Amino acid sequence: MFSHRTNWKLERNRLTEALKAVRAAGAYVLDLTVSNPTRVGLAYDSAAILSALASPRALDYDPEPKGLMEARRAIAQYYKSQHGIQVDQERLFLTTSTSEAYSFVFGLLCNPGDELLVPKPSYPLFEFLADLQDVKLVPYLLIYDHGWQIDFHSLEKAVSERARGIVLVHPNNPTGSYVHGHEREHLSRLCQQHGLALIADEVFLDYALDDNSHRSFADDGDVLTFTLSGLSKISALPQMKVAWISASGPQSQLSEATAHLEVIADTYLSMNAPIQWAVPALLDQRKSIQEQLFDRVRTNLAELDRQLAAQRACQRLIVEGGWYAVLRVPVTQTDEELAVELLRKKSVLVHPGHFYDFPADGYLVLSLIAPEEEFAEGARRILQLLNIDC
Ligand SMILES: Cc1ncc(COP(=O)(O)O)c(C=O)c1O
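Whatever position you read off the sequence shown (first residue = 1), add 5 for this note's numbering.
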């Protein structure tokens, strides 16, 4: 009765089962996978947020496929003030999530069976989006050698006749690695050579933890590029469902791409009016929220490093940005088994590396936005279980 594209394995995985059982037994679980910023004790300006949603202008219906001009102007202003780049509001398309933005771009670029190259390890979101658009994902590797980098050998090998684009996550979740300057040049050449587009997911762009400047792809002109971002991370407001696509690239391709995107967006007109009128105010919230998140992430990272310095078996991989840290742990069992053991014995929830398609066991992913005390205690229990004297 149902399409092959929805033929997913829907059973709960072992970690989810174990979590249910541990919670049912009454244990308080320290959640070091938390990615929902609305539940980690940040101080939101609730009056400003709620009043932004009550604009009388929202009583009017003005179906604008790209999204209301006022909202797009505010997003262009964000790029100017936060990243020093000019983004033409005519090339911005509002969507109700980055996921929706992905599905628009996948649908724009790919016929059934066409291929997109995706980084590995990375966030496990693309599979479902690709299935729903009948797109085939072909992984290319990120390798760790004194920091993460794109393995161009594996990327070039992954390009076939059916390839339509390369997905970049800038910075990547969970490796926290940005696409570096020399990598961008290489990517540009590769795209031009094979007629590929770039799809750059920049939801964590603002959260750089090193001192380097990490340029947005939103004003790239050499290659047809779709830059995806939104308020779920920029202002830590995932419940508002505000995201966008910024299209850029050579004029010859860009005008056609934006015309097609406009029809896709017009087919759904998925943004509601109150939220569009609220975009300027919600974007403004980033100033106080990002400051709090930087504090949180830096404090947790410093605490993790303090605890790691007192032992030898575990290490933290270099993180350039974002909300996650990757721990390299001794391989005595699979990462999933280790995560289940941590839950059962220590009531700590972490993500095993294989959730993100790490190429081997020996990795745990910790959320750096967890409340400080929970994070410190969780890290202590993890290192304790790994029999490390710290
Ligand atoms: C890299 C990345 N892209 C996109 C998303 C989803 O963003 P949205 O809430 O806008 O769909 C996430 C969520 O964590 C993410 O980590």
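Idealized CB from N, CA, C, for every residue including glycine.
For clarity, every value in this text was computed on a predicted model and none was experimentally measured.
Buried or exposed, going by whether 16 or more other CB atoms sit within 10 Å of the CB of residue i?
{"i": "residue 151", "result": "exposed"}
{"i": "residue 276", "result": "buried"}
{"i": "residue 140", "result": "buried"}
{"i": "residue 6", "result": "exposed"}
{"i": "residue 217", "result": "exposed"}
{"i": "residue 153", "result": "buried"}
{"i": "residue 79", "result": "buried"}
{"i": "residue 201", "result": "buried"}
{"i": "residue 361", "result": "buried"}
{"i": "residue 219", "result": "buried"}
{"i": "residue 169", "result": "buried"}
{"i": "residue 328", "result": "buried"}
{"i": "residue 179", "result": "buried"}
{"i": "residue 394", "result": "Residue confidence for residue 394 is low, a pLDDT of 45 falling below 50, so the modelled location carries little weight; the figure read from the coordinates is stated next. It counts as exposed."}
Would you say the beta carbon of residue i is closer than 7 Å to some non-hydrogen atom of ligand 1?
{"i": "residue 339", "result": "no"}
{"i": "residue 248", "result": "yes"}
{"i": "residue 130", "result": "yes"}
{"i": "residue 232", "result": "no"}
{"i": "residue 184", "result": "no"}
{"i": "residue 277", "result": "no"}
{"i": "residue 243", "result": "yes"}
{"i": "residue 2", "result": "With the chain covering only 6 through 395, there is no way to say anything about residue 2."}
{"i": "residue 103", "result": "yes"}
{"i": "residue 123", "result": "no"}
{"i": "residue 67", "result": "no"}
{"i": "residue 235", "result": "yes"}
{"i": "residue 172", "result": "no"}
{"i": "residue 206", "result": "yes"}
{"i": "residue 12", "result": "no"}
{"i": "residue 392", "result": "no"}
{"i": "residue 18", "result": "no"}
{"i": "residue 178", "result": "yes"}
If you compare alpha carbons, which of the options is closest to residue i?
{"i": "residue 81", "options": "327, 95, 368 and 70", "result": "95"}
{"i": "residue 208", "options": "176, 58, 199 and 202", "result": "176"}
{"i": "residue 54", "options": "376, 286 and 112", "result": "286"}
{"i": "residue 342", "options": "103, 391, 172 and 331", "result": "391"}
{"i": "residue 359", "options": "142, 378 and 331", "result": "331"}
{"i": "residue 149", "options": "104, 269, 181 and 347", "result": "181"}
{"i": "residue 23", "options": "379, 378 and 352", "result": "352"}
{"i": "residue 87", "options": "295, 106 and 271", "result": "295"}
{"i": "residue 132", "options": "11, 84, 98 and 155", "result": "11"}
{"i": "residue 113", "options": "255, 135 and 52", "result": "135"}
{"i": "residue 206", "options": "25, 298 and 173", "result": "173"}
{"i": "residue 29", "options": "375, 349, 384 and 98", "result": "349"}
{"i": "residue 92", "options": "252, 119, 338 and 64", "result": "252"}
{"i": "residue 379", "options": "26, 33 and 27", "result": "33"}
{"i": "residue 184", "options": "226, 325 and 254", "result": "325"}
{"i": "residue 246", "options": "231, 45, 288 and 257", "result": "288"}
Do residue j and residue i come within 8 Å of each other at the CB atom, strictly closer than that value?
{"i": "residue 303", "j": "residue 319", "result": "no"}
{"i": "residue 70", "j": "residue 274", "result": "yes"}
{"i": "residue 382", "j": "residue 35", "result": "yes"}
{"i": "residue 248", "j": "residue 237", "result": "yes"}
{"i": "residue 312", "j": "residue 388", "result": "yes"}
{"i": "residue 373", "j": "residue 306", "result": "yes"}
{"i": "residue 336", "j": "residue 37", "result": "no"}
{"i": "residue 124", "j": "residue 363", "result": "no"}
{"i": "residue 229", "j": "residue 264", "result": "no"}
{"i": "residue 375", "j": "residue 45", "result": "yes"}
{"i": "residue 121", "j": "residue 115", "result": "yes"}
{"i": "residue 240", "j": "residue 290", "result": "yes"}
{"i": "residue 398", "j": "residue 137", "result": "This structure cannot settle anything about residue 398, because the visible part of the chain is limited to 6 through 395."}
Measuring only between beta-carbons, confirm whether residue i sits less than 8 Å from chain B.
{"i": "residue 271", "result": "Of the protein chains in this structure there is only one, and it is not chain B."}
Start-end ranges of the beta strand (DSSP E) lying completely within the segment 112-187, minimum 3 residues: 120-125, 141-149, 153-155 and 168-174
What are the start and end residues of each continuous beta strand (DSSP E) run of 3 or more residues lying completely inside the segment 303-343, in chain order? 329-333
Can you check the segment 172-257 for any alpha helix (DSSP H) of at least 4 residues that lies completely inside it and give the ranges in chain order? Runs of the alpha helix (DSSP H) inside the segment 172-257: 186-199 and 236-239.
Please give me, in chain order, every unbroken run of the alpha helix (DSSP H) with length at least 4 that falls completely inside the segment 30-113. Runs of the alpha helix (DSSP H) inside the segment 30-113: 51-57 and 74-88.
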